[in-house]
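Worksheet: one structure, shown below.
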Amino acid sequence: MKYAKVLTCAIAVLSMSTASCLDLSTQSTGGTSSGTGGTGGDGVGGTGGTGGAGGAGGAGGGSGGTAGGGGSVEACVGCSFGRRYGDDEEQGTAAFAVGDDGSVFISGSYNGSMFLGPNVGVVDGNGTEKQAFLAKLDRTGNPQWIVNPSASANVGGEGSGVAVANGIVAWGGSVGNDPVLRDMFVETRNLAGDSTIVAKTKLGSQWHDDLTGIALSSDGKTVYVAGVLHGSALIYTGCPQLGGYDAGGNPNLVVFALDAMTLSCKWGKTWTGGNHNPGTIRIAVAADGHPVVTGGYSSGTLSGTGLPTPSGAFLLKLDAANGNLLGAKGFANALPLAMTVDASTNRIVITGGVTGALTFAGEPYPAPIAPDTTHIMVLAYDGALEEKWAQVLAGPTDQYCQGLSTDGAGRLYVGCIHTGSLTLPNGPSVDCTPNTICGLLVTLASTDGTVIGDKSGLFGAGQPIEPGCLFLTAASSKALVLGATWTVPMTLLDGTPLNPIGGSKDYDVLVSKVEPLP
51 MKYAKVLTCA
61 IAVLSMSTAS
71 CLDLSTQSTG
81 GTSSGTGGTG
91 GDGVGGTGGT
101 GGAGGAGGAG
111 GGSGGTAGGG
121 GSVEACVGCS
131 FGRRYGDDEE
141 QGTAAFAVGD
151 DGSVFISGSY
161 NGSMFLGPNV
171 GVVDGNGTEK
181 QAFLAKLDRT
191 GNPQWIVNPS
201 ASANVGGEGS
211 GVAVANGIVA
221 WGGSVGNDPV
231 LRDMFVETRN
241 LAGDSTIVAK
251 TKLGSQWHDD
261 LTGIALSSDG
271 KTVYVAGVLH
281 GSALIYTGCP
291 QLGGYDAGGN
301 PNLVVFALDA
311 MTLSCKWGKT
321 WTGGNHNPGT
331 IRIAVAADGH
341 PVVTGGYSSG
351 TLSGTGLPTP
361 SGAFLLKLDA
371 ANGNLLGAKG
381 FANALPLAMT
391 VDASTNRIVI
401 TGGVTGALTF
411 AGEPYPAPIA
421 PDTTHIMVLA
431 YDGALEEKWA
441 QVLAGPTDQY
451 CQGLSTDGAG
461 RLYVGCIHTG
471 SLTLPNGPSV
481 DCTPNTICGL
491 LVTLASTDGT
501 VIGDKSGLFG
511 AGQPIEPGCL
521 FLTAASSKAL
531 VLGATWTVPM
541 TLLDGTPLNP
551 IGGSKDYDVL
561 VSKVEPLP
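Using this note's numbering, read the sequence shown as starting at 51 and increasing by one per residue.
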């Protein structure tokens, strides 16, 4: 078993970048999202302890987790760190979250086994299917624990969401050895100390159901789950609104509200009539405590919302008490890939890509320069779903973002990638090596979208454009976490190499934490 690389140079931590890929054709037709982006930052941080490496699972897309906030900002020596986990198999991450105490939670998948360090790992008997995992690193990057949701520890699955609030960590994904027959799973665990489980449940129709996002109410009492259902053989109880539901084989949007202590269902809602893209569906909690959901549909309708058909992207606001629709907005020619809420400025923010002309907050944005390409987009609404501002970055080739988080005090951290030239908000056009992905981290003011800073060219030689890679961000009032699924050697801006662990073509998990915030 090989151990993970450790970045001992503080500037290497702050300049660490990770890239990944997004199959845009899959995104627009209902496939699972893969991710993208880059990271960076300026300043000096401390160094972390030693991590370990272990087995791996296939890398893939997934939904971004939500980050916990709160707590006072304080100096912390050794709280900035970088890690790369992997071996000669494959493993991938799908979501990150940051606890109030600065601890980091990672959700994803692996194949066979996965170790973060000596005696901190899981070994499963299933060598053919990916396994889901949730891992915890402490504030300085030392591995604390890693768990698998399956009691038998050999059932296939993928972790795709994680959120923390008020002493609780909630996570979930899909589970089942046959990918066509998978259901959703949800678990809640204690945030501090060991990995003691609070509750667990399974949701779904026993036919290729996907959990694509998870969020917690600020008091940690309610878990909100978003995803898609394909069938009608519902196996969960306590959600009478869904008793007669049948998706007819199409992926249809579903949202659940669950009691965090028992995971019993408070309410569930579905929207039928269309092909709802699981790769774009995300969920968060607005400043007033009501859940908000974004996503896209490539055909049909989104029943009961009054939104245009036959295709488009949507933002829904639901009543926290019963799931009833409080508001709906549509926006065409866009792929929503991540969402966050900054309660301090009452902003609901969505990022992803623009695939055509866009008019937002009364301002027109042109279609991408070349056909079938995508521009970076960041869209902001207030709590009443009124359009407030947009940022669109253009280039002749694909540009888009999947990493989005907030410090809860007016700053947004947006992780993006570009595959050619790109005009930066605060500077000239930058170029990426042909046939590779380059990273970009943009910091925005959530009130009006003002660009506070940007950092480009974060990948050295660049990451080849390959399916299955992922880039995510998570933030709290104390720290920013940048994470990715990565395949090739990476050279940091200071020249420090970060090589694959095991095979050169295998996916590894990268984690970089910056504390205090850049």
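Virtual Cβ for every residue (Gly too), placed ideally from N, Cα, C. Keep in mind the model is a prediction, meaning the values are calculated, not measured.
query, result
"In DSSP terms, what Q449 is bridged to", "H468"
"Cβ contact check for the segment 382-389 and the segment 398-416: 3 or more pairs under 8 Å", "yes"
"Residue(s) in a DSSP beta bridge with Q441", "V428"
"Beta-carbon proximity check, L184 vs V212, cutoff 8 Å", "yes"
"Stretch-stretch touch, CB-based, cutoff 8 Å, three pairs: the segment 405-417 with the segment 453-462", "no"
"Span of the beta strand (DSSP E), counted from its first residue to its last, around T330", "G324 to V335"
"Beta-bridge partners of S260, as assigned by DSSP", "What sits at residue 260 in the sequence shown is Asp, not Ser. Answer is V278."
"Euclidean distance between Cα positions of N192 and G281", "42 Å"
"Extent of the continuous beta strand (DSSP E) run through K563", "D558 to V564"
"Backbone CA spacing between A334 and K180 [nearest angstrom]", "27 Å"
"Reference V298; option with closest CA among T320, C289, C315 and V305", "The sequence given here places Gly at residue 298; Val does not occur at that position. The shortest Cα separation from G298 among T320, C289, C315 and V305 belongs to T320."
"Under 8 Å between C-beta atoms of I264 and W221", "yes"
"Span of the beta strand (DSSP E), counted from its first residue to its last, around R397", "R397 to V404"
"V230 burial status per 10 Å Cβ neighbour count (16 or more: buried)", "exposed"
"Inter-residue spacing [alpha-carbon to alpha-carbon] between L253 and T330", "20 Å"
"L532 beta carbon less than 8 Å from that of G465", "yes"
"Separation of S268 from G226, as counted between CA atoms", "31 Å"
"Nonlocal neighbours in the same chain, by C-beta distance under 7 Å from R239, ignoring five residues either side", "V219, S245, T246, I247 and V248"
"Residues near G81 by beta carbon distance below 6 Å, same chain, minus five either side", "Per-residue confidence for G81 stands at a pLDDT of 31, beneath the threshold of 50, marking its modelled position as unreliable; no derived number is given."
"Residue(s) in a DSSP beta bridge with G207", "V225"
"Contacts around S496, its chain only, beta-carbon distance under 8 Å, and the 5 residues preceding and following it disregarded", "D392, S394, T395, R397, V399, A430, T456, G460, R461 and L462"
"Candidates L365, T423, G339 and S163: closest to H326 by CA position", "L365"
"Nearest candidate by alpha-carbon position, reference A307, set G346, L279 and L368", "L368"
"Coil, strand or helix - V154 by DSSP", "strand"
"Sub-8 Å separation of C126 and G149 beta-carbons", "no"
"DSSP-derived helix/strand/coil call for L292", "helix"
"Nearest-angstrom Cβ-Cβ length linking Y557 and Q256, presumed shorter than 8 Å", "Going by Cβ atoms, the distance from Y557 to Q256 rounds to 29 Å, so no, they are not a contact pair."
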